[in-house]
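Q:
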Amino acid sequence: MSTFQDLGLNDNLLQAITDLGFTKPSEVQEKAIPILLESETDLVALAQTGTGKTAAFGFPMLEKIDIDSRTTQGLILSPTRELCLQITNEMKLYGKYCKGLNVVAVYGGSSITDQARDIKRGAQIIVATPGRMKDMIKRRLVDISKIQYSVLDEADEMLNMGFKEDITDILSHTPDDKNTWLFSATMPREVATIAKKFMNNPQEITVGNKNESTSQVSHEYYLVNARDRYQALKRLSDANPDIFSVVFCRTKRDTQKVAENLIEDGYNAGALHGDLSQNQRDMVMKSFRNKQIQMLVATDVAARGIDVDDITHVINYQLPDEPEIYTHRSGRTGRAGKTGISMVIVSKSEVRKIKSIERIIKKQFEKKEIPDGADICEVQLMSLANKIHNTEINHEIDKHLTSINELFADTEKDELIKKFFSVEFTRFYNYYNKSKNLNIAEGSYDRDGGREGGRDFSRGGKNDSTRYFINVGGKDGFDWMKLKDFLKEQLGLGRDDVFKVETKESFSFFNTENEVKEKVLAHFTDFKYEGRFVNVEVSENRGGGRRSDRSGGGRRDGGNRRNDRRGGGRRDDRKGASGSRSDRRRSDGDSKPPRRSDSNDLGSSRPRRSRR
Ligand code: AMP
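Each residue of the sequence shown is one higher than the one before, starting from 476 at the first, in our numbering.
(1) Here's the rule: buried if 16 or more other CB atoms are within 10 angstroms of the residue's CB, otherwise exposed. What is F895?
(2) Taking all protein chains shown into account, do 16 or more other C-beta atoms lie within 10 angstroms of the C-beta of T493, making it buried, or fewer, making it exposed?
(3) With DSSP collapsed to three states, give me the class of T681.
(4) For ligand 1, is there a heavy atom less than 7 Å away from the beta-carbon of E557?
(5) For W656, write down the residues that DSSP places opposite it in a beta bridge.
(6) Does the distance between the C-beta of Q504 and the nearest non-hydrogen atom of ligand 1 fall short of 7 Å?
(7) If you draw a straight line from the C-alpha of A778 to the C-alpha of D631, how long is it?
(8) Rounded to whole angstroms, what is the Cα-Cα separation between D543 and L550?
(9) Starting from S720, follow its DSSP beta bridges and name the residues at the other end.
(10) Out of L634, K571 and M608, which one is the CA nearest neighbour of S586?
(11) Measure the alpha-carbon distance for K813 versus D785 and round it to whole angstroms.
(12) Let me make sure I understand the geometry here. Which of R728, T987 and Y624 has the alpha-carbon closest to that of D750?
(13) F944 by DSSP, collapsed to three states: which one?
(14) May I have the straight-line CA-CA distance separating T987 from D960, to the nearest angstrom?
(15) Assign D717 to one of two classes, buried (16 or more other C-beta atoms within 10 Å of its C-beta) or exposed (fewer than that).
(16) Sort S831, Q523, L891 and F984 by Cα distance to E797 and report the nearest one.
(17) Comparing the C-beta of L646 with each C-beta of chain B, is any distance below 8 Å?
(18) How about T643 and I622: do their beta carbons lie closer than 8 Å?
(19) Using DSSP with H/G/I as helix, E/B as strand and the rest coil, what is G806?
(20) Cβ of G525 versus every heavy atom of ligand 1: is any distance shorter than 7 Å?
(21) I want to know whether the stretch 795–810 touches the stretch 722–742 - three or more CB-CB distances under 8 Å.
(22) Is the beta carbon of N912 sitting closer than 8 Å to the one on D847?
(23) What I want to know is whether the C-beta of K528 ends up closer than 7 Å to one or more non-hydrogen atoms of ligand 1.
(24) Heavy atom of ligand 2 less than 7 Å from the Cβ of K813, yes or no?
(25) Fully enclosed by the stretch 824–867, which beta strand (DSSP E) runs are 3 residues long or longer?
(26) Would the stretch 696–703 count as touching the stretch 817–836 if we require 3 or more Cβ pairs under 8 Å?
(27) Could you say which of V519, D517 and C573 lies nearest to Q490 if we only look at CA atoms?
(28) Y742 lies in the beta strand (DSSP E); which residues open and close that run?
(29) With respect to 7 Å, is the separation between the Cβ of S659 and the closest non-hydrogen atom of ligand 1 below this value?
(30) Should E632 be listed as close to ligand 1, given that the test is whether its C-beta is under 7 Å from any heavy atom?
(31) Report the rounded CA-to-CA distance for V783 versus N946, giving the unit in angstroms.
(32) For the 8 Å Cβ check, are there 3 or more pairs between the stretch 645–665 and the stretch 561–568?
(33) Alpha carbon to alpha carbon, what distance is there between N865 and V973?
(34) Please work out which residues of its chain come closer than 7 Å, Cβ to Cβ, to Q839, disregarding the five sequence neighbours upstream and downstream, and give them in chain order.
(35) Roughly how many whole angstroms lie between the Cα atoms of K893 and V854?
(36) When you measure from the CB of R779 to every non-hydrogen atom of ligand 1, does any distance come out below 7 Å?
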């Protein structure tokens, strides 16, 4: 194992490394730094977030650029504002003894003129998100024609987010003889294509196996009925009283809903998604960093660039559509040498996705049981006991001790302890007493009588799905995306639960898993939308066919549909997917959990409730 001195870094950087408390190089640093210092080369590095990759490209860049020059020589592109700011801060810390160094962050949502002014002062290194960078180039606010080193950080994420064209455009303004260093957690085909297109004979390094998730992370899954998902989430949290977690949902709406429910139920939760303003997102992240928020409920996009090192759990409330995204989610925990747990709550129709993910991360999931009420009560009781045991005594109490002692003069120690603990414990006990078992057996029939759906990411299990005919189509303002949104909202289904949506002029088709067939048909019985009856029937054509024998069944008794409405259908006579809170709670199949009180937080200074 080498030291930072062995890697050949200069004294300014070594001093900063000492200040930061880095004792030895991480694997990616050990592999990348000597290559980048010793040769003028392109590099492809496969490394997860949290492996120290910023320093792996940051130290060599700082070593190689001419700090006495005001010309921009290094350009680092990163997918998100958060990551951009994080890299900028790290670069400033690494270069704190490099006198005259100016690292400027360029990202959307902040004043472009301020950023342009900072660059004009002479920025040797620019760290940018692709969208804002392209904008600045177009407005001639930046000159990157003399770049010597460019970094594409989290290249897979940038491509996932649709930045391919922006990156191509940006790089076309840089010299051909620059060196490009590409860092990516995974190597899908698109990243390999970019590497081929923009790089010249790159050296390649891999930290751990390609696509392997961080080794300090263990992976667990919990099989429950879809309707018990939220209850399962609460139990996982209650069974881990010191949890500090990111909870991933698939949509902004689910993210907001889950966070709101958790907050209402007394958990320290917060939502992070793209519908929040930048200011709101900054505040949520601040509370999360301060640990005022213990459960950060987030979408994949918003969670990119979360740079918090001590996350204990990642909870996949819903699995992502693409199994590769799981790697990014689970990489939020187990950072900087710590261990972490990535939990997945799955229903039977999703359990095959676990296999797809195992193939990608090259690790096995452990199937675990959602803890029952007695387990949770025990964990909570012992957690409370430990907190009390470790609590520093507040001597302000001393002056009241005589009165308290008088009150308890006849109480035995055991009885006193029991009474004391009961203050907190009874709440949990009453809530979890007689609570149901949420676990279901793999491969069994579920309570709705439907067979396991068995749909995986590639939607191979077509025989497990039902195809429907619906008498609305293009004429009614629906393209396939609008219809999919409309159906999902009406039926309260998740993002990929309605699929193979095909719209014709006056009718359409769609598929769902067999297990929700009854629900779909019941929902669209006597269903009226904006004054007309909408009719859904099972189609005999399973594969995605055509019904030329009819052009729109069902009755129409009004034609005043607003064509511009995106998935906005609502029924007067019943609740849609976003039904009232009380509806939602009913469907959770359980009563409201105990509100956690401040007294449960003995020994901890942080408030129980998040303040957003
Ligand atoms: P990164 O993968 O660059 O996001 O780094 C993850 C975290 O590890 C950051 O907080 C870095 O400051 C920290 N880090 C980077 N290199 C080292 C090292 N050699 N030793 C300890 N911590 C490090």
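Where is the CB? At the ideal position from N, CA and C, for every residue including glycine.
A: Taking the coordinates as given:
(1) exposed
(2) exposed
(3) strand
(4) no
(5) L518 and V626
(6) yes
(7) 15 Å
(8) 17 Å
(9) M770 and H788
(10) M608
(11) 7 Å
(12) R728
(13) strand
(14) 13 Å
(15) exposed
(16) S831
(17) Given the protein chain composition of this structure (a single chain), no chain B is represented.
(18) no
(19) coil
(20) yes
(21) yes
(22) yes
(23) yes
(24) Among the ligands modelled here, namely ligand 1, ligand 2 does not occur.
(25) 841–843
(26) yes
(27) C573
(28) Note, Y742: premise wrong, no beta strand (DSSP E); not H, not E.
(29) no
(30) no
(31) 50 Å
(32) no
(33) 52 Å
(34) E833
(35) 16 Å
(36) no
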